[in-house]
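Everything below concerns the one structure shown next.
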Amino acid sequence: MTTNSKAELLNWLKEPGRLLGNDMVFAIDKAKADALLTQEYIRRFKTTSYLPPVNGETAADNGYKVYMQHFVLDHPRLSFDNADITSTKASLRMKLVGGNQVDLKQVGAHWYPQRIDSIDPLVGPELSLKLELSDVPGYVDDDGRIMFDLRNSSNFVLTFSDSNRVRQLGGDFFKELFLALPDDKRVWSIGQIDPVENTFLRPEFFRLRTQRNPAALFSPLVSGNEADVDGAVLGLVRMRYPLTEDYALPGPTYRYLIPSGQEGYSATAMFSKWRIALGGAVKNLYAGGFRGMQFREVSIAGHYISSYAESGRLDIPDMRYSYVHMADVPPGHTKQFLVDVGLHVAGLRFQLGIGGGAPYASVLLHGENSVFSYLGSVFEARNFSIPVILTRISDSLGLIAPGDYVGREYRMNFHVLVTANWAVPVNDGDAFRLTNAMVFVGSEPAGPGAAEFSSFEKGSQSKQVANDYIESAVRGAALKGLERMLDVQLKPFLETSFLRSVYTDDVISDFVGEAVKLNFGEKVFMADYHLPHEVAGFGHANPQLTSFSVNPLEKNIVQGSKLQFVTVPGGLDVTWSAESVEGSSDAPGEFSKTVKGEYLAPSASGIQGNFTRVRITATDPSTGYSASALVSVVKNALSLSPLVELCQVGDTGVSLKAGHVGQGELRWKVLGSAPHGRLAHTAGQANTYIPGGNLTGKAFVVEQVEVSNSQTHEQRTLCVITQMTDMRPTDVVTVKQDAQAGRVWLALSAGTNVGVSELSVVHGPGTIGEDAAGPYYQADSASSAPFCVVRAFWEPMPGFPMVFEGFIVLPLPLAGHSAAYQALEQAGQRVMHRLTGATA
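Under the numbering used here, read the sequence shown as residues 1 to 840, first letter to last.
Right, here's the structure in full:
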């Protein structure tokens, strides 16, 4: 039986082609990817660069529309829907954590509220969209973040209704919204590939795929109404200067790259061996003092790959040298004389470039049949002009006046050529072994003009022989001294700096440890490396030792409660702060002065709505590094959805949901001594209300469903209105409304007639009044209730054989649902115009 152990995976990786023509392939566990998205959302939340609260309405379709007010989207959660890797499907889910919802249903010419919901972080719908990853553009941003664009997303669904069609209408609304967003609000980051200094290792673009974890293939994790299967995000990265444009996509037999076992690996990274080899060469160049190198486009000829550094520099330490030069016998003398010089070369820098005789560095990879045999690295400087300062000069015959030379600058040309070959490792534990190396240093006078001292007083009275002869002697002493200086000082410096063997793990760990870095201090830490064919590393997505993350990263808590925060890793001396977000004026709460990291949530009086969101930040004062978390503080520890919904006799039922903070079991019951409907369950976070049969002489029945917490005893109620089918409710129309006064005039519409005898409030706040325009509902300005139910009764005349009864659900406050009331009023006005003969 095949498992996914590391040994089996390494055996599979021995075969060539596992990179599929890419330069890097990485896999990150789904849970870690979700954490990345959470952190990215918190980052956006901080900068207010994500979506502002959404207001709008869905398109009317088959007699339904939904009004959305102040919808707030939570962070995206990545999930995996693909049956195999070739389908490349993934989902992004974003929960709605705030807002008001009014569903309207059209009956004839009238629109009626069918459902009212007040959304908070404890219970709310989700927006989901499908990512066909082959169509979603992926790229690596300038700062190394792995980005993908949601422009090509599809199948937007908003789960704010039991009706699939209404869900699609909500999804269509958000799809249009996403398409119209500016780039910075539509593009998401799921991680980061560090922009390393090594040019050969800089990523340029990528493709994403998703994989199921074979161990969890038949164990889906339920999220919403779809299976969310455990798995990994698979990234296929192309670096700059690719060797080939040919690449393959992973097929159904491609192995799951994160091995199973007690090690608990959550990430894997594979790299092209030749990329690592080039990285090893450049690592040695940097170790030898080279800085800021930018390599030009890689050239490929047969099995040779080469590139030249078009910029960069090599700084050489100060060199001092003393040299005694034996000059020829001067005119008028019988003995040779010795010229003793002191030389100083300071601030020598090779400024790398291409062309014009500038020094250059290059790397060369040579191989056959894609098995690279050696790596060459070359540094060469031709006719490089070097400034030499004479610090001391004397001669054995007293012919030279030191003052004419000491402190003067003398320029000379010299050549440097360094070549080295390293064997590319082929097995675990192999080194990038230096197989041969050569350093050549030569010098010569700089030529006419440049060979002169910067100042030379010809005809000095102290000279006893011809100036030309003395200049030649000094020049010869300086030239020979410089040659010896370069040979005994520069050459050993170059030899000991980067001409050495390098352990494979050193090169790999230096690169891999920084190549795949996750957001906000999270990075892939490779526990071990292997060389089955290409380079493979297995590890964990853990915090850096130099930074940290905050735990918990997100949390729902109730007003006035406490929550303990810690850093990961722990034991850090950080300062904690709490800050309101969304431009809110709500109180953010504070941190305890006695218990480190203990957050004290604001009381209900400091929260204007049903909840507030607070960003928690931990800052290391010594480094300035900070990490954040997001807390939702709710007024009520128990929330229900919907607040009210309509159904009718014969329906399969109304879906009910509850969410709560803390422990305890949620228990359900229908209030009243003789309930009309019943519940499918007595406990749990989800339930279904099933309506009863027709009741004689009734058009509708209003029932309350209570949910209570068995531990805290907190309880809340929602409302279900069941319409009878034997005696159907008569339509209630909005004749007129005054949102500022909190007043709505209502009437019953029966066939071609409109009228009303009386109104009564059967559920919720408010009173009934009447003026010249007729009976009206008057809202209670002091109440925070989200809706009320008003019954309308009409007896056209005393003794008339038929009376009419109906109801209407009114969302509150009236001014907060102006768009919905406008639709209700327009429908009512059309009826009134039709009856009076006026033109609508």
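We put the beta carbon where it would ideally sit given N, CA and C, even for glycine.
Q: Please go through the same chain and pick out, in chain order, the residues whose beta-carbon is closer than 8 Å to the beta-carbon of E296, but skip the five residues on each side of it.
A: Per the sequence shown, the amino acid found at residue 296 is Arg instead of Glu. Here the set comprises S307, Y308, A309, E310 and I354.
Q. For E471, which option in F178, I28 and Y410 has the closest C-alpha, if you only look at C-alpha atoms?
A. Y410
Q. Could you give the distance in angstroms between the alpha-carbon of A59 and the alpha-carbon of L671?
A. 36 Å
Q) Among S655, T730, G288 and R209, which residue has its Cα nearest to the Cα of L249? A) R209
Q) Using DSSP with H/G/I as helix, E/B as strand and the rest coil, what is L13? A) helix
Q) Does DSSP put P214 in a helix, in a strand, or in coil? A) helix
Q) Run through DSSP, which three-state label would Q737 get? A) strand
Q: Could you tell me the boundaries of the alpha helix (DSSP H) in which D183 lies?
A: D183 to R186
Q.
Using 7 Å as the threshold, is the C-beta distance between V649 and G677 below it?
A. no
Q: Just grab the DSSP bridge partners of S443 for me.
A: F414
Q. What residues in its chain sit with their C-beta under 7 Å from that of D246, if we drop five residues either side in the sequence?
A. G21
Q.
Relative to the C-alpha of H681, which candidate in R667, A674 and Q106 has its C-alpha closest?
A. R667
Q. Opposite D141 in the DSSP bridges: which residues?
A. In the DSSP output, where bridge partners are listed per residue, D141 has none listed.
Q: Please name the residue, chosen from G63, M326, D315 and K273, that lies closest to M293 on a Cα-to-Cα basis.
A: D315
Q.
To the nearest angstrom, how far is the alpha carbon of A779 from that of F807?
A. 16 Å
Q: Report the residue ranges of all alpha helix (DSSP H) runs contained in full by the stretch 304 to 387; include only those spanning at least 4 residues, in chain order.
A: none
Q) Considering only the beta carbon of each residue, do E554 and L630 sit closer than 7 Å? A) yes
Q: Could you check the C-alpha separation between T652 and W188 for me, to the nearest Å?
A: 40 Å
Q. What separation, rounded to the nearest whole angstrom, lies between the Cα atoms of L812 and P569?
A. 48 Å
Q.
Once DSSP output is grouped into helix, strand and coil, what is the label at E590?
A. strand
**Q.** Extent of the continuous alpha helix (DSSP H) to which K491 belongs
**A.** K491 to F498
Q.
Assuming contact is defined by CB atoms lying nearer than 7 Å, are L643 and I721 in contact in what I supplied?
A. no
Q.
Using a Cβ distance threshold of 8 Å, determine whether the stretch 767 to 776 contacts the stretch 96 to 114, with at least three qualifying pairs required.
A. no
Q. For I116, which of V789, P801 and V424 has the nearest alpha-carbon?
A. V789
Q. Anyone know if the C-beta pair for V566 and N551 falls short of 7 Å?
A. yes
Q) Could you give the residue range of the alpha helix (DSSP H) that holds A167? A) The amino acid at residue 167 is misidentified as Ala; the sequence shows Arg. Segment N164 to A180, the alpha helix (DSSP H) holding R167.
Q.
Just to confirm the assignment: which complete beta strand (DSSP E) runs, minimum length 3, are found wholly within the stretch 532 to 572?
A. 535 to 543, 549 to 551, 554 to 558, 562 to 564 and 566 to 568
Q. Three-state secondary structure (DSSP) at T652?
A. coil
**Q.** Inter-residue CB distance, V166 and V102 (contact presumed, cutoff 8 Å)
**A.** Actually they do not touch by this definition, with Cβ atoms about 12 Å apart.
Q) Considering L748, what are the terminal residues of the beta strand (DSSP E) in which it resides? A) R743 to A750
Q) To which residues of the same chain is R433 closer than 7 Å at the C-beta, ignoring the five residues directly before and after it? A) W422, A423 and S501
**Q.** Presumed contact (8 Å Cβ cut-off) between F290 and G312, rounded CB distance
**A.** 6 Å
Q.
Let's test the definition: count the other Cβ atoms within 10 Å of the Cβ of H713 and tell me whether it reaches 16, buried, or not, exposed.
A. exposed
**Q.** Inter-residue spacing [alpha-carbon to alpha-carbon] between Q69 and S781
**A.** 20 Å
Q. Helix, strand or coil for R43 per DSSP?
A. helix
Q. Given S260, which residues of its chain have a CB within under 7 Å of its CB, disregarding the five upstream and five downstream residues?
A. T3, N4, S5 and A215
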